[in-house]
Structures are given as structure tokens and as C-alpha cells.
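Chemist: In full-length UniProt numbering, the protein residues as written are 1 to 398.
Here you go, one structure.
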Amino acid sequence: MRDHKVMRSFVRVVDRLRAWFFSLCFGVVVSAPSTVSAENTESSFNMTQGVTEISGKVYHLHMLIFYICVAIAVVVFGVMFYSIIKHRKSKGAVAANFHESTKVEIIWTVIPILILIGMAIPATKTLIEMEDTSESDITVKITGSQWKWHYSYFDHDVEFFSYLSTSNEQIEGTDEKGEHYLLEVDNALVLPIGKKIRFLMTSDDVIHSWWVPDFAVKKDTIPGFINEAWTKIDKPGIYRGQCAELCGRNHGFMPIVVQAVEAAEFDEWIANKEQELAAAKLEEQKALEKTLGMDELMALGKDVYEGRCAVCHQSNGLGVANVFPAMKGSAVVLGDVNGHIDIIANGVSGTAMQAFGTQLTAEEIAAVVTYERNAWDNNTGDVVQASDVSTQMNAEGE
Numbered sequence: 001m002r003d004h005k006v007m008r009s010f011v012r013v014v015d016r017l018r019a020w021f022f023s024l025c026f027g028v029v030v031s032a033p034s035t036v037s038a039e040n041t042e043s044s045f046n047m048t049q050g051v052t053e054i055s056g057k058v059y060h061l062h063m064l065i066f067y068i069c070v071a072i073a074v075v076v077f078g079v080m081f082y083s084i085i086k087h088r089k090s091k092g093a094v095a096a097n098f099h100e101s102t103k104v105e106i107i108w109t110v111i112p113i114l115i116l117i118g119m120a121i122p123a124t125k126t127l128i129e130m131e132d133t134s135e136s137d138i139t140v141k142i143t144g145s146q147w148k149w150h151y152s153y154f155d156h157d158v159e160f161f162s163y164l165s166t167s168n169e170q171i172e173g174t175d176e177k178g179e180h181y182l183l184e185v186d187n188a189l190v191l192p193i194g195k196k197i198r199f200l201m202t203s204d205d206v207i208h209s210w211w212v213p214d215f216a217v218k219k220d221t222i223p224g225f226i227n228e229a230w231t232k233i234d235k236p237g238i239y240r241g242q243c244a245e246l247c248g249r250n251h252g253f254m255p256i257v258v259q260a261v262e263a264a265e266f267d268e269w270i271a272n273k274e275q276e277l278a279a280a281k282l283e284e285q286k287a288l289e290k291t292l293g294m295d296e297l298m299a300l301g302k303d304v305y306e307g308r309c310a311v312c313h314q315s316n317g318l319g320v321a322n323v324f325p326a327m328k329g330s331a332v333v334l335g336d337v338n339g340h341i342d343i344i345a346n347g348v349s350g351t352a353m354q355a356f357g358t359q360l361t362a363e364e365i366a367a368v369v370t371y372e373r374n375a376w377d378n379n380t381g382d383v384v385q386a387s388d389v390s391t392q393m394n395a396e397g398e
């Protein structure tokens, strides 16, 4: 019984020493990924084991190479410190008089080569497996843009944008930061567990990088180019990631949230999402026939502006000097209405101003145009309807 207690105490001490060693050697390097891992991350000092077969293999390779490096360090530094202490001058040590040894040179060349081969073989196998996107069950196209993600399910009539949902009050420091500050979105990517998911990744502006640590997936999204990756999730849950490529001023506002669910629940979600999107299209058509009052347009326009525009042009409409133009007193906002609609719908080439024509409905564009033209003391009195936006966009397309 006493021996058992001693052994348990010894194990606890070893665990604490290992955690301390990780924090000392790798705390800065490997704790960053864990900040965006799933809620079930085991350690803040080491990389996550993840929830896929590949992420598990990557983790075990990481640990294998880590322990090999530790063993090498123990041997090398052990010999070094032994020599320093044992053969110091105060002990009367006399330096050996030799300058070469073919046998020693062969040994210290062959052993490192064998170690490198031993590390390279499993690493190469894992890399090859990571690139094998064949025989997938589902294909999802991921498009990065400043500063959001667009997901399209190739096998289903489902596509949507995923935006940061952290409130501007939290970002501006006027409200307390939430649990998932800057790591929460309005529309999560929903995937089934136990299925091989193939990702096709691209970008429509600059280079981004789609990174989810728990999947061991990190792939650049490059304009005009398609990168491929895949995952097969083992456990249901919420998994978080971020854009991992500096992509502009709001690079930190591109979180990734993946909700992994059972296959049956995924099928139900897909069916509901298809119905939801179909209903939204019908509502968009009906909106062209509606006439909204100023108050309704201003309320909707404020919501759209805060969710889509304020990140650049600021909630107060003052923009950022020499970067993002102000909306308050802007020549565009106070000028021709059709020109204002055109800029929001089609963007401005060569600038960060995106084309929102495919991201917002005609009603939302009408509302945000109305809001911008009447907020911050602009007070133009202009009221824009969805039908006005549709007419202008159709005229541009002719």
C-alpha cells in the first residue's frame, strides 16, 4: 500500500515537471494554437491532439520528435557538462593531443542520418496522407475575402457567408469581452462526423489562410488558385480557428467556427438550410414589391451597417483617416443616389471596398443606403426602396 502511494506521488511529480518543462521550452510557441482550439483542449502548454486521425498523427509525430530532441540534448549536454567538470584545469586535467578519428567521424555522421531517416519516414507518410483528397463524401468550397468566409456545399444547394459576430461594443472596449471574443460567427460551418470532407479553397481578393488546429488543417486561400485539403472528424463539438495569413487591417476579425454533428443531424440541418435559403429567395422577391417607411429602413440599415460596414467605416461614420473614407459628410453619401447604390453593390476596384451585391439582399442594400444618407447629421431625407436597388443593378447589367 505504501509503495502504491509512493508511486502515485512520483507520477504526479513527473507530470508537474513535464508541464513545467513544456511551459519553459514551448510555452510561447505552442500555446498560441491552443487559444483557438476546441473547448476540450487538454493542455495550454502543448499542441492539441485534435479530433481527426491526421491531427492525432501530427501530434504523435510532434511528441516523437520532441522526445528524440530531448534525448539528444541530454546526451550532448551530459557529455559536455561532464567534460567541463571532470576535466577542468583546477583538477590538473591535461588536454589530449589528437586531431582526428575516422571511426568517431563515421559514428557521429551515421547516427544522425539514421535518426533523421527515422523521423522522415513517418512524417512523409503523414504528409502524403494529408494531401490525399480522393474518395471524399462531401465537398465544400471555401472562399476567403476581407474579412469573412464563404462556404458552398457542392452536393447541396447550400451556400452562405460567415461573419464575425462579436459586437462592436466589445471590440471598441465599451462592453465586457465575451467567452469567445473574436472567435464567434453568425453562421458556423456544419459538418458530419465520420465522413471524409474535401475542401476546395480560394480567395476573391488577397491571400488568406483557413486554419483549424483541431483538424490539423491550415491551407492558404489564393486568388485565382484552388488549394485542396480534407478532414474526417471523429467527435461532435464546436471547433474554432482563425485566418492565419495577415490579410489587411481586420485580419483578426476572420474567425472560423465548425460545428461537427452526427450524420443524421447533418442531413436534417442541410434540409432545413435548403428550405431556409429557398424561403429567403422568395422573401427577397416579395421585398421588391414592398414599400418601407423611413423608420423601418433606418432600423434595418443600422443593423446592416453595424454588421457589415462599421468594421471599416466605424460606428460613428468617421472612417479611418487615409484608409477608410468617412460616411459622415461624404460626397458619395450626399451625392447621387444611384452612384451610392452602385458603389455598395459593385464595390470600388483597386480599393478595400467590396462588392456587396451578392452578399446583401436588395432590401438590405436599400436600407443601408437610406441609413448612411440620413445618419450622422447627413439628413438628406432620401428614402431608397428595394425596387430602386433592383432597377439600378439591372440597368448596370444591361
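Just so you know, even glycine gets a beta-carbon here, dropped at the ideal spot from N, CA and C.
Note that the structure is predicted; figures quoted are calculated from it, not measured.
#1: According to the neighbour-count rule (16 or more other Cβ atoms, all chains shown, within 10 Å of its Cβ), is Leu116 buried or exposed?
#2: Applying the criterion that 16 or more other CB atoms from any shown protein chain within 10 Å of the CB defines a buried residue, is Ala95 buried or exposed?
#3: Where do the ends of the alpha helix (DSSP H) carrying Ser55 lie?
#4: Can you find at least 3 beta carbon pairs, one from the segment 353-373 and one from the segment 278-293, that sit closer than 8 Å?
#5: Note down, in chain order, each residue of its chain lying with its Cβ closer than 7 Å to the Cβ of Asp205, except the 5 sequence neighbours on either side.
#6: Kindly list the residues whose CB is nearer than 6 Å to the CB of Ile238, restricted to its own chain and excluding five residues on each side of it in sequence; keep chain order.
#7: Alpha carbon to alpha carbon, what distance is there between Tyr67 and Val74?
#8: Hey, out of Leu114, Val311 and Thr380, whose CA is closest to Ser330's CA?
#9: Please work out which residues of its chain come closer than 6 Å, Cβ to Cβ, to Ala362, disregarding the five sequence neighbours upstream and downstream, and give them in chain order.
#10: Check whether the Cβ atoms of Tyr153 and Phe161 lie closer than 9 Å to each other.
#11: Under DSSP, the alpha helix (DSSP H) around Ile238 begins and ends at which residues?
#12: Taking a contact to mean a Cβ-Cβ separation below 9 Å, would you say Asp382 touches Val337 in this structure?
#13: Take the Cβ of Ala32 as the centre, count every other Cβ of all protein chains shown within 10 Å, and call the residue buried at 16 or more, exposed below.
#14: Based on Cα-Cα distance, which residue from Ala263, Thr231, Leu288 and His60 lies nearest to Glu131?
#15: Apply the 10 Å Cβ neighbour rule to Asp186 and answer buried if 16 or more other Cβ atoms are within range, or exposed otherwise.
#16: Thinking C-alpha only, which one of Val140, Ile65, Gln49 and Met327 is nearest His313?
#17: Find the nearest neighbour of Val140 within the set Val261, Gly50 and Met201, judged by alpha-carbon distance.
Modeler: Short version:
#1: Reading the sequence shown from its first residue, position 116 is the one you call residue 116. Classification of Leu116: exposed, given that the 10 Å Cβ count is below 16.
#2: On the sequence shown, position 95 is the one that residue 95 refers to. Classification for Ala95: exposed.
#3: What you label residue 55 is simply residue 55 of the sequence shown in a count that begins at 1. Note, Ser55: alpha helix (DSSP H), Glu53 to Lys86.
#4: yes
#5: As a working note, residue 205 is residue 205 in the sequence shown. Hits under 7 Å: Ser145, Gln146 and Pro223.
#6: Your numbering for residue 238 matches position 238 in the sequence shown. Within the same chain, Ile238 has close Cβ partners Gln259.
#7: Counting from 1 along the sequence shown, the entry for residue 74 is found at position 74. Counting from 1 along the sequence shown, the entry for residue 67 is found at position 67. Cα-Cα distance, rounded: 10 Å.
#8: Here residue 330 is taken as the residue at index 330 of the sequence shown, counted from 1. Per the Cα distances, Thr380.
#9: The residue you call residue 362 lines up with position 362 of the sequence shown. Once the five neighbours on either side are set aside, the close Cβ partners of Ala362 are Ala386, Val389 and Ser390.
#10: Taking the first residue of the sequence shown as position 1, residue 153 is located at position 153. Taking the first residue of the sequence shown as position 1, residue 161 is located at position 161. Their beta carbons are not under 9 Å apart, which means Tyr153 does not touch Phe161 by this criterion.
#11: Working through the sequence shown from its first residue, we reach residue 238 at position 238. Careful: Ile238 lies outside any alpha helix (DSSP H), inside the beta strand (DSSP E) at Gly237 to Cys243.
#12: By 1-based counting over the sequence shown, the position of residue 382 is 382. By 1-based counting over the sequence shown, the position of residue 337 is 337. Closer than 9 Å, so yes.
#13: On the sequence shown, position 32 is the one that residue 32 refers to. In this prediction, Ala32 scores a pLDDT of 35, lower than 50, which makes its location untrustworthy; the coordinate-derived value is nonetheless stated afterwards. By the neighbour-count rule (16 or more Cβ atoms within 10 Å), Ala32 is not buried but exposed.
#14: Against the sequence shown, residue 131 aligns to sequence position 131. The residue with the shortest Cα to Cα distance from Glu131 is Thr231.
#15: As a first step, residue 186 must be located in the sequence shown, where it is residue number 186. Exposed is the call here.
#16: Numbered from 1 along the sequence shown, position 313 holds the residue referred to as residue 313. The residue with the shortest Cα to Cα distance from His313 is Met327.
#17: Translated into the one-based positions of the sequence shown, residue 140 becomes position 140. The shortest Cα separation from Val140 among Val261, Gly50 and Met201 belongs to Met201.
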